[in-house]
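**Student:**
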Amino acid sequence: MRPENPRPIFFWAGVAVLTLLLAGLARGSALLPGDTSARRPPTQAPTAAAAPEPAPGPLLADWRGFISLAGPDTPATIRRETASDQLASLRGHGFAGSVSGTGRRVAYWVTTPAGAQELRVFDVTAPDQDTPLTTLLPGERGTAAVWSSDRGGVAVSVEASAGGGAETQFSALRVVDTPTRSIREIARLSDGDRFVPVGWDRGAQLVGACIAAPDGTAVAYDVVGEDAQSARTPMEPGIAASSVQSNGSAVLAIVNGTVVRVWTIGSYGDHRELGARPDERIAFARWKPGGTGIVVSIADRLEVWPSQGGDHRLVASGLPAAADLLVSTDGAIAVLSFDSGRSAVAVDLASGRAAAVPMAGERVLAAISFRG
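The sequence shown begins at 2 in this note's numbering and counts up by one.
#1: Can you list, in chain order, the residues of its chain whose CB lies under 6 Å from that of S247, leaving out five sequence neighbours each side?
#2: What residue range is occupied by the uninterrupted beta strand (DSSP E) comprising F196?
#3: Compare the C-alpha of A214 against each of L134, G311, I240 and L207 and name the closest.
#4: If you measure between the beta carbons of R372 and W64, is that distance less than 7 Å?
#5: Between which residues of its own chain and T136 is the CB-CB distance below 7 Å, once the five residues before and five after are set aside?
#6: Among S158, S90, R142 and V316, which residue has its Cα nearest to the Cα of A127?
#7: Please report the distance separating the alpha-carbon of A77 from that of V346.
#8: In this structure, what does DSSP give as the bridge partners for R287?
#9: Looking at C-alpha atoms only, which residue of G249, G362, P307 and G140 is the closest neighbour of V155?
#10: Nearest-angstrom Cα distance between G217 and P57?
#11: Run the CB neighbour count on L337, radius 10 Å, all protein chains shown included, and call it buried at 16 or more, exposed below.
#12: Assuming V260 is part of the beta strand (DSSP E), what are its boundary residues?
#13: Compute the Euclidean distance between the alpha carbons of V348 and R195, then round it to the nearest angstrom.
#14: Going along the chain, which residues of its own chain have a beta-carbon closer than 6 Å to the beta-carbon of G66, five neighbours each way excluded?
#15: Go to P133, then tell me how far its beta strand (DSSP E) extends in each direction, as first and last residue.
#16: Where are the beta strand (DSSP E) runs, 3 residues long or more, that stay fully inside the segment 178-250, in chain order?
#17: If we ignore side chains and look at the alpha-carbon of each, how far apart do R354 and F285 end up?
#18: Quick one: Cα of V296 to Cα of V305, how far?
#19: If we count the other Cβ atoms within 10 Å of its Cβ and call it buried at 16 or more, is E160 buried or exposed?
#20: Is P359 helix, strand or coil by DSSP?
#21: Which class does P63 belong to by DSSP, given the choice of helix, strand or coil?
#22: Taking only the alpha-carbon atoms, compute the straight-line gap between Q230 and G319 and give it to the nearest angstrom.
#23: Within the same chain, show all residues whose beta-carbon is closer than 6 Å to that of Q87, passing over the 5 residues directly before and after it, in chain order.
#24: What span of residues does the beta strand (DSSP E) with S338 cover, start to end?
#25: Between S243 and I255, is the Cβ-Cβ spacing less than 7 Å?
What follows is the structure, given as structure tokens:
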């Protein structure tokens with residue numbers, strides 16, 4: 002008898018094994034009641050919480066400060082923004098001078114009972130090491146000074162000292178080179194008006210100056226080359242010589258309290274005008290260092306205006322009427338004085354934050370920097 006073929010046995014045995022495997026896989030993949038571990042959807046990594054913004058730091062800085070003055074017959078002093086204590090006193094009394102663009106160097110006329118005959122310069126970090134730049138002749142007195150754009154020279158105005166006869170009255174515009182301490186006259190008036198130096202662009206070799214009437218009104222703008230060649234342009238009424246300010250290459254002035262006029266040192270005729278609203282008056286306008294912005298005190302507000310024209314940016318509002326306006330040498334804050342200069346507030350020009358400036362009855366006249 003022929004033996005039975007084993008192949009069908011092996012076939013059906015393989016089918017049985019495969020069936021068991023499929024059943025096991027199906028069972029393993031099924032969700033059991035209450036089982037939440039199988040087929041869990043992927044989870045995203047938690048997003049890191051945004052770091053909180055750091056609390057704003059102090060608005061006033063120890064490395065910034067002021068030249069201040071308690072009274073016309075007292076010496077000007079140097080102080081920090083953060084405290085009214087004086088660090089040093091200048092020679093003479095009052096202050097007729099200028100701070101360089103960095104805020105570190107100061108040039109000023111030493112005013113004594115005999116008149117302002119000596120121009121001195123010092124670094125604010127070492128005021129006791131001041132150096133004489135020039136000394137005037139008897140019968141002359143210095144009245145103002147401005148630094149050149151490269152901080153290598155000072156343009157000054159000089160006039161006859163009090164007590165001179167009518168025939169001796171004059172106002173002269175002179176330039177002083179600080180490395181050589183040489184002084185040279187480039188223009189002179191003898192009609193009763195006086196020079197108010199505005200700026201000295203050493204690159205263009207031009208000095209700009211207002212010609213002011215005895216009442217302080219600007220009557221003309223004079224551009225004088227270092228070669229003493231002069232181009233004089235009349236200025237219309239309504240401009241106070243004290244409102245004319247330079248940033249080294251450009252100049253601004255307030256016209257009738259409603260317009261800020263802007264021009265280059267070398268060309269008054271080529272100017273642009275930035276207007277306020279007809280019902281508001283501009284109190285002060287100052288250049289913002291490090292750019293072309295102009296800080297403007299108008300009505301109860303502090304604003305920044307682009308010198309090329311454009312939208313005005315509101316910095317702060319609801320401010321009392323300002324008695325003066327300074328801008329720090331780094332362009333970060335503006336300092337508005339109130340109460341005839343007896344109190345002051347610093348305003349951050351980026352955020353509008355404000356902080357009271359410590360005062361002790363003095364007026365702050367110019368901004369300085371101890372690290373510029």
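By construction, the Cβ of each residue, glycine as well, lies at the ideal position given by its N, Cα and C atoms.
**Tutor:** So, to answer that:
#1: V199 and G200
#2: R195 to D202
#3: I240
#4: yes
#5: Q118 and E119
#6: S90
#7: 20 Å
#8: V296
#9: G249
#10: 43 Å
#11: buried
#12: V260 to T265
#13: 35 Å
#14: R80, R81, E82 and I369
#15: T132 to T136
#16: 183-190, 195-202, 207-213, 219-226 and 231-235
#17: 20 Å
#18: 5 Å
#19: buried
#20: coil
#21: Residue identity differs from the one stated: residue 63 is Asp in this sequence, not Pro. D63 falls in the coil class under three-state DSSP.
#22: 48 Å
#23: T78 and R80
#24: I334 to F339
#25: no
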